[in-house]
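Heads up: the protein sequence lines correspond to chains U and H, in order.
Reading the first sequence from the start, the letters are residues 34 to 148 in the working numbering.
Reading the second sequence from the start, the letters are residues 211 to 323 in the working numbering.
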Amino acid sequence: GDSVTQMEGPVTLSEEAFLTINCTYTATGYPSLFWYVQYPGEGLQLLLKATKADDKGSNKGFEATYRKETTSFHLEKGSVQVSDSAVYFCALSDRSSGSARQLTFGSGTQLTVLP
Amino acid sequence: DSGVTQTPKHLITATGQRVTLRCSPRSGDLSVYWYQQSLDQGLQFLIQYYNGEERAKGNILERFSAQQFPDLHSELNLSSLELGDSALYFCASSSRGYGDTQYFGPGTRLTVL
């Protein structure tokens with residue numbers, strides 16, 4: 034079945050540091066890939082997505098590139114802020130499953146940014 | 211604000227009881243998904259409805275059931291509750307069964323005592 038493996042957390046960085054959160058996936062078909070973010074006490078918000086190989090998703094300074102050859106979708110940000118402190122989830126939606134498009138999530142990575 | 215609403219925000223109940231969680235999707239979205247978030251299992255897909263019909267089932271227990279009504283809101287029914295059912299339950303919606311982007315509600319936190 035489909036699966037997503039995320040870098041174990043927690044991750045603690047100083048403000049303005051470079052961020053990388055690794056994500057690799059296994060899928061039987063050709064998935065769409067997502068990063069969601071969960072701030073304390075809130076639901077999940079879509080951060081960015083990519084639907085085909087070599088696509089780059091970007092939003093709020095975060096980027097991730099769909100790498101089919103390495104089955105990866107690593108999240109990066111050049112300069113993190115305290116307000117980026119949250120839990121980040123990598124997820125996939127396998128389009129070979131017909132109209133059923135449930136998301137398969139990684140375990141989440143807790144990011145804390147210190148001032 | 212994603213446009214997806216869930217009620218109640220918090221629910222505290224006892225073992226053996228039954229509860230109903232409610233979700234209203236974004237305006238125009240036909241597809242509703244339910245997910246459970248717990249410390250030990252992470253985020254898991256439970257069930258999907260599309261325009262009133264069940265479309266996919268995930269790791270949903272037999273004690274749990276769901277439905278989607280003609281006005282497209284959905285309810286998740288949890289019965290014979292156990293301590294291990296304590297979790298955050300999220301609803302998400304997307305525009306079509308093929309819609310890749312799912313928008314999540316704020317969740318219902320269920321505590322079973």
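C-beta atoms are modelled at their ideal positions from N, C-alpha and C, and glycine is treated no differently.
Treat the numbers as computed from the prediction; the structure is a model and nothing was measured.
Taking Cβ positions only, does Phe-274/H come closer than 9 Å to chain U?
Taking the first residue of the second sequence as position 1, residue 274/H is located at position 64. No, no contact with chain U.
Pair every Cβ in the stretch 131-148 of chain U with every Cβ in the stretch 224-237 of chain H, then say whether three or more of these pairs are closer than 8 Å.
no
Count the other CB atoms, across all protein chains shown, that sit within 10 Å of the CB of Pro-43/U; report buried if there are 16 or more and exposed otherwise.
As a first step, residue 43/U is located in the first sequence; it is residue number 10 there, counting from the start. So Pro-43/U ends up on the exposed side.
Within the chosen definition, does the stretch 107-125 of chain U reach the stretch 265-276 of chain H through at least 3 CB pairs nearer than 8 Å?
no
Assuming Arg-236/H and Val-214/H make a contact with CB atoms under 8 Å, what is their CB distance in whole Å?
Along the second sequence, one-based indexing puts residue 236/H at 26. Along the second sequence, one-based indexing puts residue 214/H at 4. Arg-236/H to Val-214/H, Cβ: 6 Å. Contact.
Span separating the alpha-carbon of Leu-320/H from that of Asn-287/H
For the purposes of this step, residue 320/H is taken as the residue at position 110 of the second sequence. For the purposes of this step, residue 287/H is taken as the residue at position 77 of the second sequence. The straight-line gap from Cα to Cα measures roughly 12 Å.
Identify the continuous beta strand (DSSP E) that holds Phe-95/U and give its terminal residues.
In the first sequence, the residue the question calls residue 95/U occupies position 62. Run containing Phe-95/U: 95-98, per the beta strand (DSSP E) assignment.
State the CB to CB distance for the pair Val-242/H and Cys-301/H, rounded to an integer number of angstroms; the pair is presumed to be in contact (CB under 8 Å).
Mapped onto the second sequence, residue 242/H falls at position 32. Mapped onto the second sequence, residue 301/H falls at position 91. Indeed, because the Cβ distance is near 6 Å, the residues count as touching under 8 Å.
Based on DSSP bridge pairs, tell me the residues matched to Arg-232/H.
Locating residue 232/H in the second sequence gives position 22, where the first residue counts as 1. In the DSSP output, where bridge partners are listed per residue, Arg-232/H has Thr-217/H, Glu-285/H.
In angstroms, rounded to a whole number, what distance separates the CA positions of Gln-312/H and Ser-304/H?
Stepping through the second sequence from its first residue, residue 312/H is reached at position 102. Stepping through the second sequence from its first residue, residue 304/H is reached at position 94. For Gln-312/H and Ser-304/H, the distance between alpha carbons rounds to 5 Å.
With a cut-off of 9 Å, does the C-beta of Thr-311/H fall near any C-beta of chain U?
In the second sequence, the residue the question calls residue 311/H occupies position 101. Interface residue, yes.
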